[in-house]
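Chains as they are written, first to last, in the numbering used here: chain C, 82 to 340; chain V, 12 to 234.
All C-beta atoms, glycine included, are put in the ideal place defined by N, C-alpha and C.
In this text the structure is predicted, and so the values were computed from the model without any measurement.
Report on one structure; see the data block that follows.
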């Protein structure tokens, strides 16, 4: 008889190899899109700004690097949530084996996604700095920390949403729809510094703002962020959402498996 | 030994929730192969899933102090988009047989006899091919108890013979719990029987008695 820890480890290992293969070999377009999506966003946003002729500068950071850092970090969070949501449904056949719990594919997908998105970030940084943009992080350790926090926040939200969306299908649709407004409200493509102060106060309830701005502060030495950005506030959300997600998975494990 | 203690199970749905299994209290001794009998919807597959640990009882508990397989059968167990080989690899890994993955693959490939289809996605398989793969896979592990949910029902004659022989070879090392409507298979492979009726289970030490009781209940129904 193996210990529970040994069983869990072998399940994670097997799932990791499976997800990794499926994600990188199965869908060639997915590979392409991982790089193309942030690039397309950058190109469209730059074009929009050029055409509108409203070149409002971001204080202390170059426009394109600022955009790349924000977009990739937001996508890291978004994929964590959306991939988690599909994880239980996609691996339903594997619940025939009592060793596999519904939480396993969710956690493993987040790890796979985190690795892939980190690769994407590195490639984009490399590309942009070859093109002469100032994008190398001025505080690499701080950037790593903020990047990790964004990943964990995506995982926490993913844990919660994966249970909620499996039990109530409509929640999944709402979450999908919420991603675009969230992209804008988190200051990924429009700098929140340009908003009036009394609106900023409300925007600061969104933990993503704190993560993204902390990441940008670590990347760009002279960057002037919003006042009130608090990395600690983000960690409350991370710990809270991961704890809630794991509790939900424990509470509903039987029902998720049996469906 | 598998100890089923006062197990209740129901599924919640929109039109009430009657007990599928009601107060099942049985001990299946070590080394005894058991056939599960009952009409469609009597709860045979549900009981098998509970024994496998795939699903959970609402009340009561099931204690397994031996290695129990997953329910070998038609539904589930394979990821459709993965090839047969990838599925086998995955399942070998979650069972902690990392070092013998290659051996298990070779065994399954040889047993299933599905040729090149082994490297095609499982969703392209016919039900017979799936059953061959699932069956071969379960035999690659040394379980103490094999659970079969009509595993051989869709196989052709040659495969049925092969499956029967494989199980007979395991006698002494392993036992079986089979759900089947093929009474010859039950007589061939099982010693004891469980007859399920309206959520209740009746244990028979001899499979022939269980089959007889099942037949009587069907006749009473018709009369």
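- Here DSSP, grouped into helix, strand and coil, assigns residue 215 of chain V to strand.
- Closer than 8 Å to the CB of residue 249 of chain C there is not a single CB belonging to chain V.
- Closest by C-alpha distance to residue 159 of chain V, out of V/193, V/167 and V/132, is V/193.
- Put simply, of C/298, C/299 and C/266 the residue whose alpha carbon is nearest the alpha carbon of residue 284 of chain C is C/266.
- Residue range 13-21 is occupied by the beta strand (DSSP E) that includes residue 21 of chain V.
- Chain V places a beta carbon closer than 8 Å to that of residue 91 of chain C, counting this residue as a contact.
- CA-to-CA, the gap between residue 196 of chain V and residue 236 of chain C works out to about 49 Å.
- Annotated three-state conformation of residue 250 of chain C is helix, per DSSP.
- With fewer than 16 other Cβ atoms inside 10 Å of its own Cβ, residue 249 of chain C counts as exposed.
- Contacts with chain V at 8 Å (Cβ-Cβ) include residue 181 of chain C.
- About 6 Å separates the Cβ atoms of residue 228 of chain C and residue 296 of chain C, confirming a contact at the 8 Å cut-off.
- The closest CA to that of residue 202 of chain V, considering only V/14, V/215 and V/66, is found on V/215.
- DSSP lists V/94 as the beta-bridge partner residues of residue 132 of chain V.
- For residue 102 of chain V, the C-beta contacts it makes with chain C under 9 Å involve 95, 175 and 178, in order along the chain.
- Pairing residue 89 of chain V with residue 174 of chain C gives a Cβ-Cβ distance under 8 Å.
- About 6 Å separates the Cβ atoms of residue 178 of chain V and residue 200 of chain V, confirming a contact at the 8 Å cut-off.
- Taking a C-beta distance under 8 Å as the contact criterion, residue 140 of chain C and residue 165 of chain C do not qualify as a contact pair.
- Across the region 104-124 of chain V, CB contacts with chain C closer than 8 Å involve 104, 105, 106, 107 and 109, in sequence order along the chain.
- What residue 81 of chain V touches in chain C, judged by beta-carbon distance under 8 Å, is 177, 178 and 179, going in chain order.
- In the DSSP assignment, residue 47 of chain V falls outside any alpha helix (DSSP H) and lies within the beta strand (DSSP E) extending over 45-48.
- Interface residue (Cβ-Cβ distance to chain C less than 8 Å): residue 184 of chain V is not classified as such.
- Taking 8 Å as the upper bound for CB-CB distance, residue 22 of chain V and residue 28 of chain V are in contact here, some 6 Å apart.
- Per the Cβ contact rule, the region 116-127 of chain V is not in contact with the region 48-68 of chain V (fewer than 3 Cβ pairs under 8 Å).
- In the three-state DSSP reduction, residue 124 of chain V falls in the coil class, being neither helix nor strand.
- Listed in chain order, the non-local C-beta contacts of residue 34 of chain V below 6 Å within the same chain comprise 17, local neighbours out to five positions each way being set aside.
- Annotation for residue 34 of chain V: the continuous beta strand (DSSP E) segment containing it runs 30-39.
- Considered as a whole, the region 66-90 of chain V harbours 70-75 and 79-84 as its complete beta strand (DSSP E) runs of no fewer than 3 residues, in chain order.
- One Cα belongs to residue 36 of chain V, the other to residue 15 of chain V, and the distance between them is close to 5 Å.
- Three or more pairs of CB atoms, one per stretch, sit closer than 8 Å, so the region 238-257 of chain C contacts the region 149-166 of chain C.
- For residue 203 of chain V, the uninterrupted beta strand (DSSP E) segment begins and ends at 203-208.
- Chain V has a Cβ within less than 8 Å of the Cβ of residue 83 of chain C.
- In this chain, the alpha helix (DSSP H) harbouring residue 138 of chain V covers 138-150.
- For residue 188 of chain C, the enclosing alpha helix (DSSP H) begins and ends at 184-211.
- Here the region 141-158 of chain V makes contact with the region 106-120 of chain V; the two share three or more CB pairs at distances below 8 Å.
- Rounded to the nearest angstrom, the gap between the Cα atoms of residue 218 of chain V and residue 139 of chain V is 27 Å.
- Between residue 294 of chain C and residue 214 of chain C a beta carbon distance of about 20 Å is seen, past the 8 Å cut, so the two are scored as non-contacting.
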